[in-house]
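Step one of this worksheet: look at the structure below.
Number of protein chains: 2
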Amino acid sequence: MKPITIYGVKLPIIEGRCDLAEVIVDSARRQGLEIEDGDIIVITCKIVSKALGLLVRLDEVKPSRRAVRMASRAGCDPRFVELVLRESDDIVAAIPVKRIADEKLIDLYAYSKNPENVRRCLEKYPTLFLVIRDGSLWTDAGLDSSNHPPGVISIPPRDLDGVAKAIRDRIRELTGKDVAVVISDTEVFLTGSLDFARGSYGIEPVERGFGEPDLYGKPKFGGVDAIVHEICSAAALMMRQTARGIPVVIVRGLDYERCECGYRDKVKMSSEGWARILRYIIKETGKVLGLKNLLRMLLEFI
Amino acid sequence: MKPITIYGVKLPIIEGRCDLAEVIVDSARRQGLEIEDGDIIVITCKIVSKALGLLVRLDEVKPSRRAVRMASRAGCDPRFVELVLRESDDIVAAIPVKRIADEKLIDLYAYSKNPENVRRCLEKYPTLFLVIRDGSLWTDAGLDSSNHPPGVISIPPRDLDGVAKAIRDRIRELTGKDVAVVISDTEVFLTGSLDFARGSYGIEPVERGFGEPDLYGKPKFGGVDAIVHEICSAAALMMRQTARGIPVVIVRGLDYERCECGYRDKVKMSSEGWARILRYIIKETGKVLGLKNLLRMLLEFI
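Residue numbers (the working numbering), protein chains in the order written: chain L, 28 to 329; chain D, 28 to 329.
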């Protein structure tokens, strides 16, 4: 049985707009890695933003009145909140991460080697915004300040499938090899972070095995592996320490279904769709558990 | 830079109680794989249940009145609902997955090769229950009927960290090698499934890098990779097709922090803690977005 191998590709620091596909191919080659047919190239969203020049200087952002008001209530920098508002279609929730950590509901200090750094970090970002952007959920709209000079923020590109396809096509031009490209982004949850695909091209994003017969011929509830997300989490194992400078990973040996399609072509989510799903879940919960139980639960929560 | 390699280990069909560590070591060896120091052994929760004899026959389950009532409202088998109730501390929500699929809010049919199988599957499981079990969220309390004979359900063990430690210790006895063990479980979401760690031993489950200085010396909001979950998603890439019969994966070459600890020792979550976090998020959202916006959003949802 063929193993799956994950290779890290170190890149030079990307200073401004560049041909990212060329940088990746050259860097891999210098590390003794030739790109092969069927490889999956995983690239962090942030390095794509840098290569496309999608960086903003906070001191050039003029916050709106709404941003100033929200920032003062949330304890954040109004210029940062302004950027979140500009880059979001809808704000779903504000997560008081400092309060949650201070009360040890989640012990962020246990996930750190230096409590003073945690304190400084939470002072600067006491609240995370959960938003909808292009039909997906993101915290802080995917804006990212880390590993940028102070006061600089990177913004994820729109149409990340298109970006993935362009890189895929350019790699084919440069090497003659057919690869799939997946663009990954880290999402911080309350109990750790995971990496997710934000765009892809050339790979079926979700396994099409729902209801396939199991070993006993019964239709199986499952068989819908979110392949591209799993690939990003696998890649994160290699990328994880920033100091390593590994924003690109090659996944080799994975037997995947190829397609001329992107993530959005297959995984469609709209704000309206999500709202209806949530409404149905609340209604069904009330119906199945009984109104008394639903009320008790709501009272516990509010 | 050392690559990470993921090896699949085929096991014989586990028919009843057995020494799972021995089966894994023997099976790996037959496939030309000797276990090495530092390997991470990922094992599906279901195969652990089988090896521990945690199987129940539905026709031996007598549903309570509450289970009968809930099942009739949810359209499910009352004996299955009875098992869900027995194995849960709290039921959080009922997810009407058939309705969501029928209305194409999520197009499960697009994730399938055979619409008739999807229909049969959704007839049998029209509703998923989101529950809290031992401080974690599970759908259907982790009960699983697939790849078991008709009418047989497997139940996840309690104390999965303890199970992981026992397998780790036994592998050391058999081979003299120090490994980490992670027990994985698939969770089906509305846009595909991912694998998560439900128990582990010998590996620091979450990267302790919160607030570490970034390339510019600023504390980084992040650095808390949920390593054990990422490992399970990476393993899922190898395990994914049931027909392959790969319930065990060896991850080799990952540079991880060892610890004499399990998942629960580090990632602590209680129902009460979750309830308080949710309450704070709702309150903060109201405060930051303003009451008008919160009400608008709630009205959209209900």
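Glycine included, every Cβ here is placed at the ideal spot set by N, Cα and C. Computed from a prediction, not measured in an experiment: that's the story for all the values here.
Taken in chain order, the unbroken stretches of alpha helix (DSSP H) that lie wholly in the stretch 70-156 of chain L and span 4 residues or more are 72-78, 92-101, 105-113, 124-129, 142-151.
L:W165 has L:V158 as its beta-bridge partners, per DSSP.
Of L:V233, L:L187, L:I258, L:G238, the smallest CA-CA separation from L:V294 is found for L:V233.
D:C45 and D:S227 have their C-alpha atoms spaced approximately 20 Å apart. Around L:E49, the same chain offers L201 as residues with beta carbons nearer than 7 Å, after the five sequence neighbours per side are excluded. DSSP places D:G313 within a helical segment (H, G or I) once states are collapsed to three.
Against L:A137, the close residues of chain D are R235, K293, in the order they occur along the chain (beta-carbon pairs closer than 8 Å).
Annotation: Cβ neighbours of L:L281 in chain D (cutoff 7 Å, chain order): L264.
For D:I74, there are no neighbours in chain L by C-beta distance under 9 Å, as the nearest C-beta there is about 13 Å away. Per DSSP, L:T202 is one residue of the alpha helix (DSSP H) stretching across 187-202. Shown here, D:A253 sits in coil according to DSSP, grouped into three states, outside any helix or strand. DSSP places D:E287 in the uninterrupted beta strand (DSSP E) bounded by 285-289. Listed along chain L are V233, A253, V294, M296, each with a C-beta nearer than 8 Å to that of D:T218. The beta-carbon of D:E200 is placed no less than 8 Å from the nearest beta-carbon of chain L.
Straight-line spacing of the CA atoms in D:R92 and D:T166 works out to 22 Å. Under the three-state reduction of DSSP output, L:I62 falls in the coil class, being neither helix nor strand.
The beta carbon of D:D241 falls within 8 Å of a beta carbon belonging to chain L, placing the residue at that interface.
Of the candidates D:G162, D:R235, D:A262, D:E130, D:G162 places its Cα closest to the Cα of D:E299. Within chain L, the residues whose beta carbon sits less than 8 Å from that of D:R147 are G238, P246, listed in sequence order.
In the same chain as D:E109, and ignoring 5 residues on each side of it, the C-beta atoms closer than 7 Å to its own belong to V88, P90, S91, A94, in chain order. Closest in C-alpha terms to L:V111, from the list L:H175, L:G238, L:D171, L:V36, comes L:D171.
Looking from the CA of D:G250, the closest CA among L:E231, L:P183, L:N174 belongs to L:N174. The three-state secondary structure of D:G238, taken from DSSP, is coil. Of all alpha-carbon atoms in L:D186, L:A262, L:R113, the one lying nearest the alpha-carbon of L:D292 is that of L:D186.
Residues of the stretch 304-316 of chain L that bring their beta carbon within less than 9 Å of a beta carbon in chain D comprise I304, L305, R306, Y307, I308, I309, K310, E311, T312, G313, K314, V315, L316, in sequence order. When L:L264, L:G238, L:I62, L:L242 are compared, the shortest CA-CA separation from D:R271 is found for L:L242. For the stretch 169-182 of chain L, the beta-carbon criterion of a distance under 8 Å to any beta-carbon of chain D is satisfied by S172, S173, N174, H175, P176, P177.
Contact between the stretch 210-220 of chain D and the stretch 305-315 of chain D is absent: fewer than 3 CB-CB pairs across the two stretches fall below 8 Å. Excluding its 5 nearest sequence neighbours in each direction, L:D86 has C-beta neighbours in its own chain below 8 Å: R106, G178, listed in chain order.
Going by DSSP, D:D53 is part of no beta strand (DSSP E) but of the alpha helix (DSSP H) stretching over 47-57. Non-local beta-carbon contacts of D:P153 in its own chain, meaning distances under 8 Å to residues more than five positions away in sequence, involve A101, G102, C103, P123, V124, K125, R126 in chain order.
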